Amino acid sequence: MSDAKEIRFFVEQEVLDAGVKIVFAVMEGIDNRQIDPRWTEERQARIRVLTEKYRDLDVHEDAVLEGFNLLHDHTGVKRRKNIPASENLIRLLKKNGDVFFINTAVDIYNIISMETKLALGAHDIDRVDGNVTLRFTDGSERFQPIGQPEPIPISPHEYSYCDDNNEVLCRLEIRQVEKTKVDEQSSNIFYIVQGNEAVSQEELLHCADQIICQTSEHCGGTGYVVLPEVV
Numbered sequence: 020m021s022d023a024k025e026i027r028f029f030v031e032q033e034v035l036d037a038g039v040k041i042v043f044a045v046m047e048g049i050d051n052r053q054i055d056p057r058w059t060e061e062r063q064a065r066i067r068v069l070t071e072k073y074r075d076l077d078v079h080e081d082a083v084l085e086g087f088n089l090l091h092d093h094t095g096v097k098r099r100k101n102i103p104a105s106e107n108l109i110r111l112l113k114k115n116g117d118v119f120f121i122n123t124a125v126d127i128y129n130i131i132s133m134e135t136k137l138a139l140g141a142h143d144i145d146r147v148d149g150n151v152t153l154r155f156t157d158g159s160e161r162f163q164p165i166g167q168p169e170p171i172p173i174s175p176h177e178y179s180y181c182d183d184n185n186e187v188l189c190r191l192e193i194r195q196v197e198k199t200k201v202d203e204q205s206s207n208i209f210y211i212v213q214g215n216e217a218v219s220q221e222e223l224l225h226c227a228d229q230i231i232c233q234t235s236e237h238c239g240g241t242g243y244v245v246l247p248e249v250v
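Residue numbers (the numbering used here): 20 to 250.
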């Protein structure tokens with residue numbers, strides 16, 4: 020029997036109408052304290068494949084990656100300072116030949132994000148207040164990005180993942196927060212699996228299944244996919 024707290028996921032119809040596509044995955048009872056040697060070997064091989072795959076990539080010619088930029092255009096978000104998460108990871112890979120290792124659970128979804136080009140994020144369920152809603156901000160929300168010592172203002176009308184305490188957990192598909200960041204002690208996690216109009220529902224679900232399967236293999240635990248309730 021899992022001791023993970025119950026959590027529900029919601030999405031505003033207005034956000035779906037803007038072109039955001041979303042499913043969630045939940046993992047319960049993982050052990051994120053160790054590094055599985057099998058994962059170390061596997062990630063090295065996958066990094067080599069990805070480095071070659073994206074050697075000559077033109078982001079603007081890729082339907083999925085450019086789809087996030089078009090989504091930003093459609094919702095009034097400036098492109099220059101708001102690089103979509105998967106594009107940013109691929110840029111770092113192309114520049115450095117690798118991406119930073121934070122912990123195993125985060126590393127797994129970062130690799131999957133680069134492989135699928137989908138925008139992924141992970142959050143510690145035990146640090147969430149209430150439920151999670153993907154909605155447009157009104158500017159009153161509390162927002163403390165990872166690495167920031169204090170909250171910073173957030174603009175209105177940005178699609179963001181918020182908990183019942185009016186705190187942003189992820190701004191757009193770009194910035195996650197200190198409050199729910201996944202660390203070595205995290206054992207119950209929810210994952211954002213976000214696409215755009217260039218992505219099918221089947222691709223989102225397949226990606227969520229990959230996260231669950233690979234996290235379970237290297238960190239243990241059990242998982243399931245959640246379709247958000249539309250409000």
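Glycine included, every Cβ here is placed at the ideal spot set by N, Cα and C. Just so we're clear, the structure is a prediction, and the values are computed from it rather than from any experiment.
Once the 5 residues before and after Val78 are set aside, which same chain residues still bring their CB inside 7 Å of it? Leu84, Glu85 and Glu106
Which residues share a DSSP beta bridge with Gln195? Cys189
Could you check whether the Cβ of Gln32 sits closer than 6 Å to any heavy atom belonging to the ligand HEM? The ligand HEM is absent from the structure shown, which contains no ligands of any kind.
Taking its Cβ as the centre, do 16 or more other Cβ atoms sit within 10 Å of Tyr243, making it buried, or is it exposed? exposed
Cutoff 6 Å; reference Thr135; Cβ partners in own chain excluding five residues on either side: Cys226
Please say whether Ile165 and Lys200 have beta carbons closer to each other than 7 Å? yes
With a cut-off of 8 Å on the beta carbons, I'd call Ser174 and Val187 a contact; round off their distance for me. The pair is not a contact, with the Cβ atoms about 11 Å apart (cut-off 8 Å).
Taking buried to mean at least 16 other C-beta atoms within 10 Å of its own C-beta, is Gly116 buried or exposed? exposed
In this structure, does DSSP put Leu224 in helix, strand or coil? helix
Considering Glu71, what are the terminal residues of the alpha helix (DSSP H) in which it resides? Pro56 to Lys72
Grab the span of the alpha helix (DSSP H) containing Leu137 for me, first residue to last. Taken as a continuous stretch (DSSP letters only), Leu137 belongs to no alpha helix (DSSP H), as it is neither H nor E.
Please check if any C-beta of chain C sits within less than 7 Å of the C-beta of Glu192. This model lacks chain C altogether; it includes just one protein chain.
Hey, would you say Ile130 sits closer than 7 Å to Asn207, going by beta carbons? no
Would you mind sorting Gly149 into buried or exposed? The rule is 16 or more other CB atoms within 10 Å of its CB. exposed
Could you work out which residue in Phe162, Leu69, Arg62 and Gly239 is closest to Leu112 when comparing CA atoms only? Leu69
Proximity below 7 Å, CB of Leu223 to CB of Val34: no
Measuring alpha carbon to alpha carbon, tell me which of Ile66, Ile211, Arg161 and Asp81 ends up nearest Lys198. Arg161
Considering only DSSP beta bridges, list what Thr241 is partnered with. Glu47
Terminal residues of the alpha helix (DSSP H) in which Arg110 lies: Ala104 to Asn115
Three-state secondary structure (DSSP) of His142: strand
For Ile41, which three-state DSSP category applies? strand
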